[in-house]
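Novice:
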Amino acid sequence: MTDARFTKGHLITLLISSAIGVGFGAGWWFFGASSVGDGSTPLVVVGIVAVLGLVGWLVLTARRGAGLPAGGGREESPFGKQYGIAVLLMLVGIFAGARVLSAVFDLPEAVPAWVLFVVGLHFLPFAKLFGSRRFLVLSALLCAVAVLAAVLAIAGWAAAWQLLPGFGGAVVLWGTVAAGLLATEGQGATSPAS
Numbered sequence: 004m005t006d007a008r009f010t011k012g013h014l015i016t017l018l019i020s021s022a023i024g025v026g027f028g029a030g031w032w033f034f035g036a037s038s039v040g041d042g043s044t045p046l047v048v049v050g051i052v053a054v055l056g057l058v059g060w061l062v063l064t065a066r067r068g069a070g071l072p073a074g075g076g077r078e079e080s081p082f083g084k085q086y087g088i089a090v091l092l093m094l095v096g097i098f099a100g101a102r103v104l105s106a107v108f109d110l111p112e113a114v115p116a117w118v119l120f121v122v123g124l125h126f127l128p129f130a131k132l133f134g135s136r137r138f139l140v141l142s143a144l145l146c147a148v149a150v151l152a153a154v155l156a157i158a159g160w161a162a163a164w165q166l167l168p169g170f171g172g173a174v175v176l177w178g179t180v181a182a183g184l185l186a187t188e189g190q191g192a193t194s195p196a197s
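Mapping of the sequence shown onto the numbering used here: residues 4 to 197, in sequence order.
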C-alpha cells in the first residue's frame with residue numbers, strides 16, 4: 004500500500020490477500036506433510052498451530068484497524084479485472100503444464116514444482132495492482148523454491164518434487180503474510196480498538 008494514509012480500504016485489501024496467503028500456505032504445508040508418510044503428525048500439528056496463529060493475528064489486526072478512516076485512496080479495488088486475468092492465466096498455465104508434464108514427459112511427480120512456479124509467476128502483476136513490491140519478492144521466492152525442487156530432484160533427491168514445494172511454498176506464503184502484518188503494525192496503521 005503506497006498511499007501516505009492507511010485507511011480501512013487498505014486494511015481490507017491486506018486482510019483479504021493475507022487470508023488467501025494463509026489458506027494456500029496451509030494447502031502447501033499439508034501437502035508437504037502428506038508426502039512425508041509415517042511421522043507426519045508433528046508436521047500436521049505445526050501446520051495447524053501456524054494457521055491458527057496467523058488467523059488470530061489477522062483477527063487482531065482487523066479489530067485494531069476499526070478506527071481507521073474510511074476510503075482506500077483508490078478508485079477501484081485491486082481485486083478487479085486485471086486480478087481476474089492473472090488468476091485465469093495461472094489456472095490455464097497450471098493445467099496445461101501439468102498435462103504436458105504428465106502425458107508428454109511422463110513426469111507427474113514434477114507437477115507440484117510446476118504449480119508452485121506458475122503461482123509464483125502470477126504474483127508479478129500484483130506488485131502494481133496492490134501497490135506493494137512485496138509481491139515481487141513473493142514471486143521470486145516461490146519461483147526459486149520451485150526451481151530448487153526441480154534441481155534437487157533431477158540431481159537424485161526424488162522427494163524434493165513434493166517436499167520443497169509443500170513446505171517451501173507454505174513458509175514463503177506465511178512469511179509474506181507475517182511481513183505484511185508486521186509492516187502494517189510498524190507504520191502505526193492499526194491501534195488497539197476501543
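Note that CB positions come from ideal geometry on N, CA and C, so glycine has one too.
1. Measuring straight from C-alpha to C-alpha, what distance separates Leu132 and Pro81?
2. Decide if Trp160 is buried, meaning its Cβ has at least 16 other Cβ atoms within 10 Å, or exposed.
3. Roughly how many angstroms lie between the CA atoms of Phe138 and Pro128, to the nearest whole one?
4. Return helix, strand or coil for Ala130, following the three-state DSSP convention.
5. Expressed to the nearest angstrom, what Euclidean distance is found between the alpha-carbon atoms of Asp6 and Leu18?
6. Under 7 Å Cβ to Cβ from Ala73, same chain only, skipping five residues before and after it: list those, please.
7. For Gly178 and chain B, any beta-carbon pair shorter than 8 Å?
8. Between the beta-carbon of Gly169 and the beta-carbon of Gly42, is there less than 8 Å?
9. If you draw a straight line from the C-alpha of Leu145 to the C-alpha of Phe120, how long is it?
Specialist: On the basis of the data shown:
1. As a first step, residue 132 must be located in the sequence shown, where it is residue number 129. As a first step, residue 81 must be located in the sequence shown, where it is residue number 78. When the Cα atoms are used, Leu132 and Pro81 turn out to be separated by approximately 5 Å.
2. As a working note, residue 160 is residue 157 in the sequence shown. Exposed, because fewer than 16 other Cβ atoms sit within 10 Å of the Cβ of Trp160.
3. Against the sequence shown, residue 138 aligns to sequence position 135. Against the sequence shown, residue 128 aligns to sequence position 125. In this structure, the straight-line span from the alpha carbon of Phe138 to that of Pro128 is close to 8 Å.
4. The residue given as residue 130 occupies position 127 in the sequence shown. In this structure, Ala130 counts as helix in the three-state DSSP scheme.
5. In the sequence shown, residue 6 corresponds to position 3, counting from 1. In the sequence shown, residue 18 corresponds to position 15, counting from 1. At Asp6 the pLDDT is 42, less than 50, meaning the model places this residue with poor confidence and gives no usable figure here.
6. Translated into positions along the sequence shown, residue 73 becomes position 70. Exclusion of the five residues before and after Ala73 leaves Thr10, Lys11 as the residues of its chain whose Cβ lies within less than 7 Å of its Cβ.
7. In the displayed structure, chain B is absent; only one protein chain is listed.
8. What you label residue 169 is simply residue 166 of the sequence shown in a count that begins at 1. What you label residue 42 is simply residue 39 of the sequence shown in a count that begins at 1. No; because the gap between Cβ atoms is not below 8 Å, this pair is not in contact.
9. Stepping through the sequence shown from its first residue, residue 145 is reached at position 142. Stepping through the sequence shown from its first residue, residue 120 is reached at position 117. For Leu145 and Phe120, the distance between alpha carbons rounds to 6 Å.
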